[in-house]
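Single-structure report; data block below.
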Amino acid sequence: MNKQINPNDISHVVEADKAHVWHHLTNHSKFDAVDPLIIVEGKGLRVWNQAGREHLDAVSGGVWTVNVGYGRESIANAVRDQLVKMNYFAGAMGSVPGALFAERLIEKMPGMSRVYYSNSGSEANEKCFKMVRQIAHNRYGGKKNKILYRQRDYHGTTIATLSAGGQDERKDEYGPFTPGFVEVPHCLEYRSQWGEVDDYGIRAANAIEEVILREGPETIGALCLEPVTAGGGVITPPEGYWERVQEICRKYDILLHIDEVVCGMGRTGTWFGYQHYGIEPDMVTMAKGVASGYAAISCTVTTEKVFEMLKPEVSDTMGYFRDISTFGGCTAGPAAALENMRILEEEDLLENTIQMGEYFLEKLEGLKGKHKLIGDVRGKGLFCGAELVVDRDTKEPASEAMTQAIVADCFRENAVVIGATNRSLKGFNNTLCFSPALICTKSDIDEIISAVDGAITRVTA
Ligand SMILES: Cc1ncc(COP(=O)(O)O)c(C=O)c1O
244 MNKQINPNDI
254 SHVVEADKAH
264 VWHHLTNHSK
274 FDAVDPLIIV
284 EGKGLRVWNQ
294 AGREHLDAVS
304 GGVWTVNVGY
314 GRESIANAVR
324 DQLVKMNYFA
334 GAMGSVPGAL
344 FAERLIEKMP
354 GMSRVYYSNS
364 GSEANEKCFK
374 MVRQIAHNRY
384 GGKKNKILYR
394 QRDYHGTTIA
404 TLSAGGQDER
414 KDEYGPFTPG
424 FVEVPHCLEY
434 RSQWGEVDDY
444 GIRAANAIEE
454 VILREGPETI
464 GALCLEPVTA
474 GGGVITPPEG
484 YWERVQEICR
494 KYDILLHIDE
504 VVCGMGRTGT
514 WFGYQHYGIE
524 PDMVTMAKGV
534 ASGYAAISCT
544 VTTEKVFEML
554 KPEVSDTMGY
564 FRDISTFGGC
574 TAGPAAALEN
584 MRILEEEDLL
594 ENTIQMGEYF
604 LEKLEGLKGK
614 HKLIGDVRGK
624 GLFCGAELVV
634 DRDTKEPASE
644 AMTQAIVADC
654 FRENAVVIGA
664 TNRSLKGFNN
674 TLCFSPALIC
684 TKSDIDEIIS
694 AVDGAITRVT
704 A
C-alpha cells in the first residue's frame, strides 16, 4: 500500500519505529507502555526529541562518539563534495581522502606507520586479531596465537571480540566463544584484588606476567588493552602500570594492541589515550571519535614492523594480509575524518578537553564531598566517571537499579543525558559516565553537575 506521509507529522515516524525498528541494547517490552525516543535534531551539545524537548547531551551521542558536537556543516559539506566526486571503490585501490587522512593520522602517532580502514570498532579490533593469528602462522609455526585481554575491558560485539571481552554480562548467553583468548586481571585500584598493596600499578601489571608464565610466553601473540577502560567503569590506570606492561610485552615478544575506540581523537586531552603514558604500541585501533559519527569509519593502525611481517615476496599468494572490509572502501569516512581533525586543531579542542576535564573532575569531587553515595571519582580529560556505593567503608556497590534511577532522573527532571555502566559486570553496573563533546564549556558542566546533584538528592531521599 502506498501511504501518504505528512512530513511534518512525526507521529508516523514513531509508529514506524515502534513497528519495525529493533533498537540496540533494548528490551522492547518497555515500548508496550512508552514510545521510543526519536532524536530529530542536534546542534553543539544539544539534541531535540520528537516532542521538541531540548536535551543537554553529556555522553556525545550516548557512546563517546560525537567529539566535535552536532550540526557541523563543514563536515557534511566535505562528505557531500567527496560523495558526488567519488563515493566508493573497494579498498584494494586507493582513494584521495583515504590517503590524505592516513598521512594526517600518522603525523599524530609517532612510531606508527600504516592505516587499515574498516567500519566499526569491533571490526578494527578483529583485524588485529587476524593479524596476530597470521603472524603466528607465518613466523611461529602457528604457536604464538593466544591473545590476552583484560577483565572489565570491552573490544566489541562480534563473537571474536566478545571472546576478548572482560565484561561477563555482555557475554552471557552468546557463547560458545572463539578459542585462544585469555583473561588477565583488571587494574582498578578502588576494587583491589590484592588488598592494600603499596605499588598497585606494578602489582596489577605483574598479574599479566603471571598469566603469561602460566600459559607459556611462546603461546602468546598479543595483549589487547584499553588505555582507560570505558564501559567497564571508567578505569584510569594506576601509577607505574603502563611502564611495567610495556616492559613485560617486550620481554616476552608480545605485540601490544591498544584499543582507542573510545579514547582516540582527543577524548582524554591527547590525540590518543596511550600518549599520556609513554606507551609504544604495535597496533592501535580507533573508531567512534574518528569522524565524530558523521560517517562510519574505523582504523587499525600498525607499526611498519607489523606491516612488514605481513608483506611477503611478490610471488607469495598467501602470506600477506588477505582481509577485506567492503565498506572500508567508502570515501565518506576519511573525508569526514579529515574535516573532523581540522576542527579539533583549529578550535584547539585538545586544550579545551584538558581544561574542562579538570573542571569536571573538580566538580565531581565536590559532589563526592556532598553525597556519600559517590565512592570514587575517576577520569582523564572529558571522560569521567563516578562510582556509586551504598556504604563507603565496605564499598558495597550501589545497585544497577539505583544507578539507572539517577540517570533517569537527570533525563526527566533536567533533560540532561548522562550515562552509566550497564549490563557489563554482575553487581558492578554502578558507575555514572560523563563524556560531553570536546567543545563543552564550564556552564555546560555546571548544568550537568547540578542535574546529577538534584538526582542523587531525590533518589537517595
Ligand atoms: C573500547 C571499545 N572498543 C571497541 C568497541 C566496539 O566498537 P563498535 O561498537 O564500533 O563495534 C567499543 C564500543 O563501545 C568500545 O567501547
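Per this note's numbering, the sequence shown starts with residue 244, numbered consecutively.
By construction, the Cβ of each residue, glycine as well, lies at the ideal position given by its N, Cα and C atoms.
Here Arg510 carries a coil assignment [DSSP, helix/strand/coil].
Ser406 and Thr421 have their C-alpha atoms spaced approximately 6 Å apart.
When DSSP reads this structure, Ser541 sits in a beta bridge with Ser361.
Around the beta carbon of His266, a 10 Å sphere encloses fewer than 16 other beta carbons of the protein chains shown; the residue is thus reported as exposed. Shortest Cα-Cα distance from Ser303 to any of Ser272, Asp396 and Val290 involves Val290. Residue pairing by DSSP places Val620 opposite Ala629 in a beta bridge. Assignment of Val302 by DSSP, reduced to helix, strand and coil, places it in the coil class. The criterion of a C-beta distance shorter than 8 Å is satisfied by Val533 and Ile540. Residue range Lys389 to Arg393 is occupied by the beta strand (DSSP E) that includes Tyr392. Sequence-distant Cβ neighbours of Gly483 in its own chain, meaning closer than 7 Å and more than five residues away, are Asp442, Gly444 and Ile445. Using a Cβ distance threshold of 8 Å, Thr528 and Asn672 do not count as a contacting pair. Under the three-state reduction of DSSP, Lys286 is assigned to strand. In the structure shown, Ala663 adopts extended strand secondary structure according to DSSP, grouped into three states. When only Cα atoms are considered, Asn310 and Lys286 end up about 12 Å apart. Inter-residue distance for Ser317 and Leu343 is about 17 Å (C-alpha atoms, whole angstroms).
C-alpha of Asp411 to C-alpha of Ser667: approximately 6 Å in a straight line. Counted as a single uninterrupted DSSP element, the beta strand (DSSP E) harbouring Gly464 occupies residues Ile463 to Leu468. Pairing Gly334 with Tyr313 gives a Cβ-Cβ distance that is not under 8 Å. The closest heavy atom of ligand 1 lies less than 7 Å from the beta carbon of Asn368. The three-state reading of DSSP puts Trp437 in coil, since its state is none of H, G, I, E or B. Rounded to the nearest angstrom, the Cβ distance from Asp619 to Tyr433 is 5 Å, consistent with a contact under 8 Å.
Below 8 Å, too few C-beta pairs join the region 557-569 and the region 606-615 to call them touching: fewer than three.
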